[in-house]
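Student: Anchor point for the sequence shown: position 270 equals 270 in full-length UniProt numbering, and the numbering is continuous, going up by one each time. Sharing a structure below in structure tokens format, with a few things to ask.
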Amino acid sequence: MKIGRNDPCWCGSGKKYKVCHADFDEKLAELKSKGEKVPPHSLIKTPAQLEGIRKAGKLNTEILDMVAENIHAGMSTEDINKLVHEYTIAHGGIPAPLNYCGFPKSVCTSVNDVICHGIPSPDEILQDGDIINVDVTTILDGYYADASRMFCIGQVSDEAKKLVEVTKESVDLALAEVKPWGHLGDIGEVISKHVYAHGYTVLHDIGGHGVGNDFHEEPYVCHIGKKGTGMLLVPGMVFTIEPMVNEGEEDFFQDEENGWTIYTEDGSLSAQWEYTVAITEDGVEVITH
Ligand code: MF3
Ligand code: CO
Ligand code: CO
């Protein structure tokens with residue numbers, strides 16, 4: 001079924017197809033015929049969806065700012081969970097992790113050698129010298145936004161500080177690289193190059209994801225890649241960039257008891273920063289950070 005040039009555009013803008021995405025679709029078809037991996041329309045957010053995702057992103061950033069103001073040595077990771085849960089609910093949101101595939105808490109708290117999916121606990125007390133990733137995902141009016149930050153508790157070692165900094169730099173370098181009509185592999189190349197240049201490793205098998213209408217959507221965003229390869233990036237796509245960087249080897253294992261928490265195999269430190277971004281007509285918009 002072909003859409004007529006005077007029909008409303010499939011993107012939900014309310015404009016006629018011919019003045020909206022008609023040229024865009026032609027361009028996509030041409031690129032596809034040249035062997036490019038083009039995203040399906042389902043990965044392109046409507047203007048209304050983008051508006052909703054932006055609002056979820058604004059609340060998500062506020063929650064992380066609130067965590068930044070309150071995090072300190074001596075508190076438990078369960079205290080962080082309470083803060084995030086209560087703030088989210090008080091502002092009309094839903095913490096996406098809670099009950100997601102059975103996840104028991106409202107936020108992920110990953111300390112030191114925990115790579116990701118750390119489960120908050122009253123028995124886990126933040127100590128001077130710890131590094132922790134707090135990963136917040138918020139649902140607001142049905143839309144999702146996902147971001148995480150690292151926090152250094154008190155005086156951390158120079159090595160830990162460096163790992164945290166280099167990981168952040170890798171995300172910022174990726175942000176500068178991301179643009180419409182670029183490729184997913186551009187992100188993987190810039191991140192992995194930066195990480196490897198510092199002697200660290202980055203996880204290949206756990207990475208970023210489309211987000212917005214759901215928690216985890218296509219595409220998979222790998223943080224190891226090659227420029228000019230992988231799915232084409234087009235305006236309206238929304239996804240996360242969230243490299244997990246290990247001080248030592250890339251190998252990891254999962255906690256057998258809780259089925260969630262991922263640790264470095266060699267016990268080395270791991271850091272992660274996560275942004276949700278949207279591809280725009282002329283660049284990239286940070287939805288939450
Ligand atoms: N927020 C994580 C991500 O960045 C996913 C956590 S899933 C959970 O994709 F269930 F552990 F919360
Ligand atoms: Co994510
Ligand atoms: Co996340």
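C-beta: ideal position from N, C-alpha, C; glycine also.
#1: Tell me the DSSP secondary structure of residue 8 in three-state form.
#2: Less than 8 Å separating the beta-carbons of residue 211 and residue 146?
#3: Counting along the chain, where does the alpha helix (DSSP H) carrying residue 171 start and finish?
#4: Quick check: is any heavy atom of ligand 3 less than 7 Å from the C-beta of residue 148?
#5: Ignore the nearest five residues each way along the sequence and tell me which others in residue 5's own chain have a CB closer than 8 Å to its CB.
#6: Roughly how many angstroms separate the alpha carbons of residue 264 and residue 12, rounded to a whole number?
#7: In the DSSP assignment, find the beta strand (DSSP E) that holds residue 219 and state where it starts and stops.
#8: Keeping to the same chain, check which residues put their C-beta closer than 8 Å to that of residue 201; ignore five residues upstream and five downstream.
#9: Helix, strand or coil for residue 43? Go by DSSP, reduced to three states.
#10: Could you give the DSSP three-state label for residue 196: helix, strand or coil?
#11: If you check the beta carbons only, do residue 132 and residue 140 fall under 8 Å apart?
#12: Quick check on the burial criterion: 16 or more other C-beta atoms within 10 angstroms. Buried or exposed for residue 259?
#13: Measure the alpha-carbon distance for residue 213 versus residue 48 and round it to whole angstroms.
Tutor: Answer, in terms of the structure:
#1: One-based indexing of the sequence shown puts residue 8 at position 8. Here residue 8 sits in strand by DSSP.
#2: Translated into positions along the sequence shown, residue 211 becomes position 211. Translated into positions along the sequence shown, residue 146 becomes position 146. Yes, these two residues count as a Cβ contact at 8 Å.
#3: Position 171 of the sequence shown, counting from 1, holds the residue named residue 171. Here the alpha helix (DSSP H) through residue 171 covers 158–177.
#4: One-based indexing of the sequence shown puts residue 148 at position 148. Yes, the beta carbon of residue 148 sits closer than 7 Å to at least one heavy atom of ligand 3.
#5: Translated into positions along the sequence shown, residue 5 becomes position 5. Cβ within range, chain order: 16, 17, 18 and 22.
#6: Residue numbering aside, residue 264 sits at position 264 when the sequence shown is read from its first letter. Residue numbering aside, residue 12 sits at position 12 when the sequence shown is read from its first letter. For residue 264 and residue 12, the distance between alpha carbons rounds to 44 Å.
#7: Locating residue 219 in the sequence shown gives position 219, where the first residue counts as 1. Note, residue 219: beta strand (DSSP E), 217–221.
#8: Along the sequence shown, read from residue 1 onward, the residue named residue 201 stands at position 201. Counting only Cβ-Cβ distances below 8 Å, and skipping sequence neighbours, we find 195, 245, 246, 248, 249 and 250.
#9: As a first step, residue 43 is located in the sequence shown; it is residue number 43 there, counting from the start. Residue 43: helix per DSSP, three-state reduction.
#10: Taking the sequence shown and counting its residues from 1, the one referred to as residue 196 is at position 196. Of the three classes helix, strand and coil, the one that applies to residue 196 here is helix, per DSSP.
#11: Taking the sequence shown and counting its residues from 1, one reaches residue 132 at position 132. Taking the sequence shown and counting its residues from 1, one reaches residue 140 at position 140. Not a contact, by the Cβ cut-off of 8 Å.
#12: Position 259 of the sequence shown, counted from the first residue, corresponds to residue 259. That one is exposed.
#13: Translated into the one-based positions of the sequence shown, residue 213 becomes position 213. Translated into the one-based positions of the sequence shown, residue 48 becomes position 48. The straight-line gap from Cα to Cα measures roughly 11 Å.
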